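Comments concern the structure below.
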Amino acid sequence: MTNKQDDKFNEKDLTCLFKQAKSEFQMDANPFIKTRILAELNSAKPISFLSFLKKPWVIFTEGILVASLLFVIISVNKSSNFQAMVGQAYAINVELEKITDQSVTHIKIDLPENVEFYSKRNDSNVSKLKSLKISLSTFEAFDRIPFVIKAKENGLKTIKITLFNNKEEIVKNKIIKMKFTTAKEIFF
Amino acid sequence: MLISDNHSLVYEVYSKELYRHLYFLTGNKELSEDLLQNTFIRVFQKLDQLKDSHKLRSWIYQIARNLYFDHLKSGYESTKDILDDDVPSLDSSSKAQAESVHDLNFILNQLSPDDREIILLVEMEGMTVSEVSDITRDSSAAIKSRLLRARKKIISIKNESF
Chain P
112 MTNKQDDKFN
122 EKDLTCLFKQ
132 AKSEFQMDAN
142 PFIKTRILAE
152 LNSAKPISFL
162 SFLKKPWVIF
172 TEGILVASLL
182 FVIISVNKSS
192 NFQAMVGQAY
202 AINVELEKIT
212 DQSVTHIKID
222 LPENVEFYSK
232 RNDSNVSKLK
242 SLKISLSTFE
252 AFDRIPFVIK
262 AKENGLKTIK
272 ITLFNNKEEI
282 VKNKIIKMKF
292 TTAKEIFF
Chain E
35 MLISDNHSLV
45 YEVYSKELYR
55 HLYFLTGNKE
65 LSEDLLQNTF
75 IRVFQKLDQL
85 KDSHKLRSWI
95 YQIARNLYFD
105 HLKSGYESTK
115 DILDDDVPSL
125 DSSSKAQAES
135 VHDLNFILNQ
145 LSPDDREIIL
155 LVEMEGMTVS
165 EVSDITRDSS
175 AAIKSRLLRA
185 RKKIISIKNE
195 SF
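Protein sequences, first through last, are from chains P and E. Residue 295 in our numbering sits at position 184 of the first sequence, with consecutive numbering throughout. Residue 61 in our numbering sits at position 27 of the second sequence, with consecutive numbering throughout.
Right under this line is the structure:
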């Protein structure tokens, strides 16, 4: 029952109490929940990797098909920091829609020590590569460039993506920082 | 199973408010994160079964509440036992914000889970009795009755604390 006395808490105060708590609630859920949801969904069903990878013109990705992936979408215009698991393959999608207005013709990906491009067939030629150059024309029909990486050790790793124009001039740099830990450290 | 842009959009639109709802419902950060995660796993696994897209929000909340009440039935620790240790740790500049959240959590923890859910859905999430009915599968009369009871209880707690 509403108490009409001014010094008593009433229904109006109750509404204010909820509104205030709602507006002042600033906690965010663990940002890796989305990744964990993806991992759970991916583990529940076999992956049918992106169908466009089957097309013959996708030279770069031909040897980098994977069976089990976690997906990370990277915008070239935002800083990116991710926590990831050692030994887990990650498909990193670099968003192309953010760079279509620029004169970018190709992209170079540089990997740090103990991070390698991942190949489903364990192709040593792929895993030995420390950098790759990809022509954007290869991906003109799509809005993302996918590549797959896997780390062999714990630690903060920096992946460098450099965007070039047709004169081999650097248009933009993109740094992706991934902190690799064991699954136990992430989930518990 | 690959996550589609639609899935991402659903997560971006509803995860924040659902997390807030679950946090006040459980009074526990870790539990609310677990429930949030499991809710969206189920949502994405069954999204193609949703016939009426206008019911998406209430459907998500329905899945979340089912998981929450399953959790309660499973006999895990009571939220009362963990509430006091789970006040969000904020820096000094946002101490006042933490107090309002803590204050409401303290009050909600003295309600039954059913009453806590109803008052949160109406007062915090701004849902109508009809929308709450879609989520809880209770009659409108039962929801109104529970809502009245919850409001009375909160007013009583606040006035006793003066």
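Glycine residues also receive a C-beta, built at the ideal position from the N, C-alpha and C atoms. On a predicted model such as this, the values are computed, not experimentally measured, just so you know.
key: Option nearest residue 278 (chain P) by Cα separation, candidates P:216, P:146, P:136 and P:271   = P:216
task = Tell me whether the beta-carbon of residue 101 (chain E) lies closer than 9 Å to the beta-carbon of residue 72 (chain E).
result = yes
request  = Check whether the segment 155-166 of chain E touches the segment 123-136 of chain P, taking contact to mean three or more Cβ pairs, one atom from each stretch, closer than 8 Å.
outcome  = yes
key: Three-way DSSP call (helix, strand, coil) for residue 246 (chain P) in this model   = strand
request  = For residue 119 (chain P), go through chain E and note every residue whose CB falls closer than 9 Å to its CB, in chain order.
outcome  = 189, 192, 193 and 196
message = Can you check whether the C-beta of residue 151 (chain E) is within less than 9 Å of a C-beta belonging to chain P?
response = no
message = Does the CB of residue 279 (chain P) have a neighbour CB from chain E at under 9 Å?
response = no
ask   = When DSSP labels each residue in this structure, what does residue 224 (chain P) get in the three-state scheme?
value = coil
query = For the segment 72-110 of chain E, which segments carrying the alpha helix (DSSP H) assignment without a break, of at least 4 residues, lie completely within its bounds, in sequence order?
reply = 90-107
ask   = Going along the chain, which residues of its own chain have a beta-carbon closer than 7 Å to the beta-carbon of residue 157 (chain P), five neighbours each way excluded?
value = Any reading at residue 157 (chain P) must be qualified, since the residue scores a pLDDT of 36, below 50, and its modelled position is unreliable; no value is offered.
ask   = DSSP three-state call for residue 185 (chain E): helix, strand or coil?
value = helix
message = Less than 8 Å between C-beta atoms, sequence neighbours within five positions excluded: which residues of the same chain meet that for residue 45 (chain E)?
response = 74
inquiry  = To the nearest angstrom, how far is the alpha carbon of residue 50 (chain E) from that of residue 191 (chain E)?
reply    = Taking the straight line joining both Cα atoms gives about 29 Å.
request  = Taking C-beta pairs closer than 9 Å, name the residues in chain E that residue 284 (chain P) reaches, listed in chain order.
outcome  = What residue 284 (chain P) touches in chain E: nothing, since even the nearest Cβ is about 26 Å away.
task = With 9 Å as the limit, tell me which residues of the segment 125-152 of chain P have their beta carbon closer than that to any beta carbon of chain E; keep them in chain order.
result = 125, 126, 128, 129, 130, 131, 132, 133, 134, 135, 136, 137, 138, 139, 140, 141, 144, 145, 147, 148, 149, 151 and 152
request  = Please list the partners that residue 122 (chain P) has in chain E, where partner means a Cβ-to-Cβ separation under 8 Å.
outcome  = 185 and 189
inquiry  = Are the CB atoms of residue 256 (chain P) and residue 270 (chain P) within a distance shorter than 9 Å?
reply    = no
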